[in-house]
Amino acid sequence: MFDRSISPEGACVSICNHRSRQAWIAYHKAREAHADAVDAWVNAGQQGEPPAEPEMPEARFYAGDPLICARDKATVRATLLDVDELMTLRLLHGDGYESRDQNERVSRSPEPSSPSPAHDDLNELLCWLRAQEDAYRTSQRWPTVPYRGESAPALTSSVAWLATHLDSILTHPDHAAEFAVGVLAWHRRIDVAAKSKPRRRTKSRLCPQCNLATLSQMDGEDRIECRNRDCGASRGGPVVMTVEEYDALDTMAAAS
Ligand SMILES: [Zn+2]
Ligand SMILES: [Zn+2]
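Using this note's numbering, you'd call the opening residue of the sequence shown number 36 and step up by one each time.
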């Protein structure tokens with residue numbers, strides 16, 4: 036995880052120095068590799084030029100205030116509050132996968148998947164926030180975290196508690212870095228999940244069987260189908276076609 040030894044004394048331990056830390060980690064690795072290369076070069080009788088030394092990075096570090104800089108503190112606060120909102124949104128709109136399983140009874144993977152990845156995320160997030168709160172409470176010799184339930188309101192109360200104590204958490208040497216980096220990572224994770232959920236898109240052509248604008252395609256699938264339940268009632272059910280077959284409709288329309 037986070038390696039404090041890479042940063043100089045007084046440097047911000049949050050994200051503003053992420054790139055600098057990466058650059059220095061890479062440099063230290065390159066130096067180890069260089070030492071090995073020199074050994075090998077010596078053992079081989081010092082033929083030719085010695086291995087070139089790795090270049091020292093120019094990456095500089097921003098100062099912490101005292102541990103985390105003011106800008107990162109503000110970012111962590113905004114992100115923490117946004118995590119609550121984003122998660123609530125994700126739960127409200129579901130996963131996309133859920134509606135697909137229920138409505139279409141199509142299972143692409145042989146393993147039974149979780150009925151709701153969104154709820155799994157919520158549980159994991161609650162767990163993580165609770166652990167953070169618990170660790171901080173322990174450091175202050177405060178009573179343990181009260182039980183708040185497992186649902187979205189529990190998330191809101193958890194986030195509210197942490198937001199109230201955020202300034203102290205972000206100045207605590209044992210908790211600041213882990214909390215700041217963790218909140219940002221969680222936010223990214225939920226954001227990606229919320230955005231990447233597959234969506235059903237309506238196609239522009241009318242269904243060749245029922246003549247309604249009910250053809251649609253799920254993101255990432257090769258199948259286009261008519262969502263009109265009455266489509267083809269006397270002919271074995273709604274139209275299902277491949278993308279090629281759909282494109283052929285265009286060609287046929289152009290030819291007629
Ligand atoms: Zn910073
Ligand atoms: Zn149809």
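Don't be surprised by glycine CBs; every beta carbon is placed ideally from N, CA and C.
Same chain, Cβ closer than 6 angstroms to residue i, five either side skipped, listed in chain order
{"i": "Thr191", "result": "Asp119"}
{"i": "Asp136", "result": "Its pLDDT being 39, under 50, Asp136 is placed unreliably in this model, and the coordinates cannot settle the point."}
{"i": "Val278", "result": "Asp257"}
Where residue i sits in the DSSP three-state scheme
{"i": "Val275", "result": "strand"}
{"i": "Arg236", "result": "strand"}
{"i": "Ser134", "result": "In this predicted model, Ser134 has a pLDDT of only 42, less than 50, meaning its place in the structure is not dependable; the value taken from the coordinates is given anyway. If DSSP states are grouped into helix, strand and coil, Ser134 belongs with the helices."}
{"i": "Ala94", "result": "coil"}
{"i": "Ala79", "result": "coil"}
{"i": "Ala46", "result": "strand"}
{"i": "Gly267", "result": "coil"}
{"i": "Ala198", "result": "helix"}
{"i": "Trp221", "result": "helix"}
{"i": "Cys51", "result": "helix"}
{"i": "Arg183", "result": "coil"}
{"i": "Ala289", "result": "helix"}
{"i": "Asn246", "result": "coil"}
{"i": "Pro86", "result": "coil"}
{"i": "Ile103", "result": "coil"}
{"i": "Pro188", "result": "helix"}
{"i": "Gln175", "result": "coil"}
Beta-ladder partner(s) of residue i, from DSSP
{"i": "Ile259", "result": "Gln252 and Met276"}
Whole-angstrom distance between residue j and residue i, CA atom to CA atom
{"i": "Glu90", "j": "Arg56", "result": "15 angstroms"}
{"i": "Ala79", "j": "Ala58", "result": "31 angstroms"}
{"i": "Arg235", "j": "Asp202", "result": "43 angstroms"}
{"i": "Arg264", "j": "Leu124", "result": "29 angstroms"}
{"i": "Leu126", "j": "Gln167", "result": "23 angstroms"}
{"i": "Thr286", "j": "Ile225", "result": "42 angstroms"}
{"i": "Ile204", "j": "Glu84", "result": "52 angstroms"}
{"i": "Glu44", "j": "Arg176", "result": "28 angstroms"}
Cβ-based neighbour list, residue i, same chain, cut-off 7 angstroms, excluding 5 preceding and 5 following
{"i": "Leu241", "result": "Leu247 and Ala248"}
{"i": "Leu116", "result": "Val194 and Ala198"}
{"i": "Arg183", "result": "Ala189, Ser192 and Ser193"}
{"i": "Ala72", "result": "Pro86"}
{"i": "His200", "result": "Tyr171"}
From the options, residue whose alpha carbon lies closest to that of residue i
{"i": "Ala105", "options": "Ala153, Ala65 and Val48", "result": "Val48"}
{"i": "Met122", "options": "Ala228, Arg234, Asp74 and Asp257", "result": "Ala228"}
{"i": "Thr110", "options": "Leu161, Arg125, Arg223 and Thr173", "result": "Arg223"}
{"i": "Asp107", "options": "Asn263, Ala211 and Arg258", "result": "Ala211"}
{"i": "Lys238", "options": "Ile225, Val218, Ile204 and Tyr281", "result": "Tyr281"}
{"i": "Ala215", "options": "Pro43, Gly45, Ile41 and His53", "result": "His53"}
{"i": "Lys50", "options": "Glu44, Val218, Asp74 and His128", "result": "Contrary to the premise, residue 50 reads as Ile rather than Lys in this sequence. Ranking Glu44, Val218, Asp74 and His128 by Cα distance to Ile50 puts Val218 first."}
{"i": "Leu250", "options": "Pro233, Lys230 and Met276", "result": "Met276"}
Any non-hydrogen atom of ligand 3 within 8 angstroms of residue i CB
{"i": "Arg106", "result": "Within the structure as shown, ligand 3 is missing, the only ligands being ligand 1 and ligand 2."}
Neighbourhood of residue i by C-beta distance below 8 angstroms, restricted to the same chain and skipping five residues each side
{"i": "Gln244", "result": "Cys261, Cys266, Gly267, Arg270, Pro273 and Val274"}
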